[in-house]
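**Student:**
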Amino acid sequence: MLAVFCLRLALGMLASLLFLSHRQMHARFFRTHFLTALGLCIVALVTAWGTPMVVPTAIAVAGAFAGSLVWIFDRPPAGWTFWTVTVFATTAALALTDPPLKGMTEGNPVTPLAGRLANDVTAALLLGSIVTAMLVGHSYLISPALSIRPLMVQLALIGAALALRVVVSGAALAFWTREHSLTNLNDDVVLFLPVRWLIGIVGPAFFGFLAYRTAQIRSTQSATGILYVVVVLAFLGELTALVLYRNTGFPL
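Basically the numbering used here = 1-based index in the sequence shown + 441.
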């Protein structure tokens with residue numbers, strides 16, 4: 442579970458770089474993202490040792506390391522090459538994750554590969570866009586003249602990622618409720634579902650909107666402080682979702 446969470450976060454942070462302009466953000470911001478992705482991929486490699494995820498995760502480690510080196514220079518062409526290698530490798534590693542409920546009865550169906558990838562990608566986009574937005578907010582401390590556009594773009598990306606997450610999790614919840622009752626309090630899943638949705642979906646949506654409104658008046662440090670709350674809520678929500686996924690086979 443830790444390996445999956447780390448790979449999702451690494452993938453999401455790298456994907457968020459596509460929405461940032463080289464002309465506005467310094468190359469060190471991109472390098473920091475690659476270094477963070479490198480650390481996350483190393484943790485994933487250690488915790489997933491002995492599984493089919495090892496090979497693509499090792500490639501992701503190499504790609505992130507090389508990317509962190511070339512981004513020392515300003516806008517290196519090779520930077521996006523290593524970005525592509527790392528993104529594809531982390532996605533492949535997530536695709537090779539063992540499905541939940543392995544070996545259990547047919548009464549507990551396993552989400553197909555397409556559904557698992559949709560779950561991984563939407564979770565990655567949500568986690569990555571939130572962390573990236575928070576780090577962009579910090580950039581205003583060292584670059585006060587930085588345009589407000591990068592932060593606003595990342596906040597908009599958070600909204601889009603949340604919408605996609607609701608679609609995937611909502612569809613999974615609809616399928617799961619065909620065989621299970623939401624009023625059965627003897628089922629642990631029913632007790633965790635409100636926690637997952639309130640903390641992982643409603644909370645980030647509410648505080649993300651507050652951060653957006655705060656950024657509109659260019660109170661960037663206040664927006665960054667609010668984004669810290671969004672990061673904590675998203676992390677708790679996605680970790681709870683991983684527990685539910687392992688127990689039910691659905692990306693609730």
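All C-beta atoms, glycine included, are put in the ideal place defined by N, C-alpha and C.
Going by DSSP, what residue range makes up the alpha helix (DSSP H) through Ser660?
**Tutor:** Taken as a continuous stretch (DSSP letters only), Ser660 belongs to no alpha helix (DSSP H), as it is neither H nor E.
**Student:** Take the Cβ of Met442 as the centre, count every other Cβ of all protein chains shown within 10 Å, and call the residue buried at 16 or more, exposed below.
**Tutor:** Exposed: under 16 other Cβ atoms inside 10 Å.
**Student:** Going by beta-carbon coordinates alone, are Ala555 and Thr527 separated by less than 7 Å?
**Tutor:** Result no, Cβ atoms of Ala555 and Thr527 do not sit closer than 7 Å.
**Student:** Can you have a look at Pro585 and say buried or exposed, based on whether 16 or more other CB atoms are within 10 angstroms of its CB?
**Tutor:** The residue in question, Pro585, is exposed, as its Cβ has fewer than 16 Cβ neighbours within 10 Å.
**Student:** Could you compute how far the alpha carbon of Arg464 sits from the alpha carbon of Val670?
**Tutor:** Their Cα atoms are separated by approximately 29 Å.
**Student:** Quick check: what's the CA-CA separation for Glu547 versus Ala602?
**Tutor:** The predicted position of Glu547 is uncertain, since its pLDDT is 46 and thus under 50; a value taken from the coordinates is nonetheless stated next. Whole-angstrom Cα-Cα distance: 32 Å.
**Student:** Three Cβ pairs or more, each shorter than 8 Å: is that satisfied between the region 592-600 and the region 479-499?
**Tutor:** Because the criterion of three Cβ pairs below 8 Å is not met, the region 592-600 and the region 479-499 do not touch.
**Student:** Please return the same chain residues whose Cβ sits closer than 7 Å to the Cβ of Leu568, not counting the five positions on each side in sequence.
**Tutor:** Excluding residues within five positions, the ones whose Cβ falls inside 7 Å are Arg449, Leu450, Gly453, Ala675, Glu679.
**Student:** Could you tell me the distance, in whole angstroms, from the CA atom of Ala519 to the CA atom of Ala536?
**Tutor:** For Ala519 and Ala536, the distance between alpha carbons rounds to 26 Å.
**Student:** How would you label Ser580, buried or exposed, when you count the other beta carbons within 10 angstroms and need 16 or more for buried?
**Tutor:** With 16 or more other Cβ atoms within 10 Å, it is buried.
**Student:** Can you have a look at Ile583 and say buried or exposed, based on whether 16 or more other CB atoms are within 10 angstroms of its CB?
**Tutor:** Exposed, because fewer than 16 other Cβ atoms sit within 10 Å of the Cβ of Ile583.
**Student:** When DSSP labels each residue in this structure, what does Met575 get in the three-state scheme?
**Tutor:** Helix at Met575.
**Student:** If you draw a straight line from the C-alpha of Thr531 to the C-alpha of Glu620, how long is it?
**Tutor:** So the alpha carbons of these two residues sit roughly 33 Å apart.
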